[in-house]
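Only one structure is covered here, and it is reproduced in the block below.
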Amino acid sequence: MVETAIQLKDLSFRYHSQAEETLKNLNTTIKKGSKTLVLGPSGSGKSTLISLINGLVTDKDGEISGTLTIDGQDQQAGDAFERSLAVGTILQDTDRQFVGLTVAEDIGFVLENEAVPVRQLRAAVKRMAERLELTALLPLGPESLSGGQKQRVAMAGVLVGDSPILVLDEPLASLDPKTGQQILETIDQLHQEGITIIMVEHRLDEVLRQGVDQVLVLQDGEFVFDGQTADLLKEPAFHDWQLAQPAYLSWIENSGYPLAQLENRQDVDRVTGPGLAEALEKLGQSEAATSIAKVGDDEALSVSNLSYAYGDRQILKNLSFRIERNRWLALIGENGSGKSTLARILAGFLPIQTGSILATDAGSPAGERIDFADLTLSEQAQYVGYVSQNPNEMLIGLSVFDEVATGLRLRNVPEQIIEEKVFFALKKANLYPYRNWQSQSLSFGQKRRLSVLAVAILEPAVLILDEPTAGQDDVSAKGLLEYLSILRQDGIALVTVTHDMALIEKWADQVLSFVDGQLSEKMRPAELFQSKSLLKETALITPSDQILRERLLKGVSHD
């Protein structure tokens, strides 16, 4: 008989600061040793649900009704410390989770607090480091680690305490696809060892490659689905739930082929159906006929011989490239390759050590070129807008409306025009219903969209966005990207530092790839996805629609 790890019975929760319930009458059972995926749009209650499970939210924060039991124990009768021994949590922002000066100290923190003898503690840290391939990192500080390494260290710090349940809040959000797959493989290994996994994640396409036992979908605080992946992908309401359909299914759907005729719909390596190859071949021919290389001559910014080093560590090596107006450029590369460093230099947050950056003044008849070395940071901001990965660095604690309107007000734009512009932007980014909320009351994904709007609405000549779609539900991400596309059509040059395969494939005109601090030639996204070697070098993975294309149309097996 399979035992129950977690059970919810009529569980509801309302924060003291809110009039409406965030979670409403939830009922489900999570079995011991299972892997459960929690899906849902931003603001649907996912973070609140897992915070109730791991004890980060209690009756001190709001009103709880119904029951939550973990390993048969009613959690309202226990305390947060006891629950922390049963449920380990990996936060979305792993930097908030580190407490040690080195990896070894961080892994051993839980045992140290339990007064475990030093010899036993060191042996446990050594075993856990070997288990998660962290031995070489033990003497390093957390600040020197890549995103994927931080995820594994955070896991080690939780698992060393023998927590039988592991909760992960969007573990892939800031990782390149290759590192994300490695993390998913680690999670799968832990699952095979009997640990109960509960994972909140938007990147359904990638998670499905490892498989899950149970899927829960939250919508407005209620479960609208509780079942298997195969059944989820057949749900007529799938798109209504704002979930990101796997790329291969979207490609099949775009061909006009009826999804109801598919067999093994949940597996890109086995999905098939009568006449499917023929339908996709026709779509492929149509795409090839309309595909054109998008190149521009209207320069917004040029970079020449740019190099940058942190001390003795060379990050950027003699980079030269152009950014054109009306173009959408994707900067790709593995975590730590230098993409964010380049973005911060272009925005003026890091100094130009070697080389030059020139902007073209579109307002001057002769197209005067302005050297960034001669500009102050505020003057440089007139040409380049920048949005970081962390929205908490960008927002200043105003209402949602005022966060977006502030920059326009500083430019003395009439209030009526401000209202029209801000309302349009908020509606596109699925934030209009929250226009009167304080920005700090939003979910992390909502904050990220808000920080993009606050800068994008000023329409700088070049807008640089660092992972703008990370942690976003499908509908909100599309709305935001549609808004950015409108700005691009109006003359803005968009530069996105991204690992989002869908953004690269569907929205970008051009791709620049980082490998060892150097840039490749510009190419179209289709050229990138046809290059297995470049995908490997830039820590990307083959998109699932490309896998299907190769299997059905080219007869190429995918490994």
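First residue of the sequence shown? That's 1 in the UniProt record's numbering, and the numbers climb one at a time after it.
Backbone N, C-alpha and C fix where the C-beta goes; we use that ideal spot for every residue, glycine too.
| query | result |
| --- | --- |
| When A260, S307, I492 and V422 are compared against D361, the one with the closest alpha-carbon | I492 |
| N- and C-terminal bounds of the beta strand (DSSP E) containing G407 | Element bounds for G407: not the beta strand (DSSP E) but the alpha helix (DSSP H), V400 to L410. |
| 3-residue-minimum beta strand (DSSP E) runs that sit fully inside the region 240-286, ordered along the chain | none |
| C-beta contact flag for K24 and S12 at 8 Å | yes |
| Three-state secondary structure (DSSP) of M199 | strand |
| Q76 versus N27: straight-line alpha-carbon distance, rounded | 16 Å |
| Stretch-stretch touch, CB-based, cutoff 8 Å, three pairs: the region 95-102 with the region 121-133 | no |
| Every unbroken beta strand (DSSP E) within the region 40-76, with a cutoff of 3 residues, ordered by chain | 62-70 |
| Closest residue to R344 among E415, I464 and D10 (Cα-Cα distance) | I464 |
| DSSP beta-bridge partners of E324 | E299 |
| Straight-line Cα distance separating R488 from residue 571 | The question about residue 571 has no answer, for the chain in this structure spans 1 to 559. |
| P171 to R152 span [Cα, whole Å] | 10 Å |
| Length of the line joining the Cα atoms of Q182 and D500 | 16 Å |
| Where K126 falls: helix, strand or coil (DSSP) | helix |
| Close-in-space but distant-in-sequence residues of the same chain around A330 (CB under 6 Å, 5 per side omitted) | T496, T498, I504, A508 and V511 |
| C-alpha gap between S388 and L375, whole angstroms | 21 Å |
| Close Cβ partners of E206 (< 8 Å) along its chain, the five nearest in sequence each way excluded | L172, P177, G180, Q181, L184 and I541 |
| Backbone secondary structure at E222 - three-state DSSP | strand |
| Residues that DSSP places opposite I486 in a beta bridge | Paired residue(s): none; I486 is not in a bridge. |
| 6 Å Cβ shell around L481 - same chain, five flanking residues per side excluded | W507 |
| For T135, three-class secondary structure by DSSP | helix |
| Contact the region 368-385 vs the region 439-450: 3+ CB pairs below 8 Å | no |
| Local Cβ density within 10 Å of K428, reported as buried at 16 or more and exposed below that | buried |
| Chain-order list of residues whose beta-carbon lies under 8 Å from that of V116 (same chain, five-residue window excluded) | A124 |
| Reduced DSSP category for A381 - H, G, I as helix; E, B as strand; rest coil | coil |
| Sufficient close CB pairs (3 or more, under 8 Å) joining the region 204-218 to the region 236-249 | yes |
| Candidates D267, D59, G273 and D371: closest to Q261 by CA position | G273 |
| Near the ligand FAD: S378 beta-carbon under 7 Å from a heavy atom | Although the ligand FAD was asked about, the structure shown includes no ligands whatsoever. |
| Per DSSP, cross-strand counterpart(s) of Y310 | R313 |
| Residue from S302, D516 and E527 with nearest C-alpha to Q314 | D516 |
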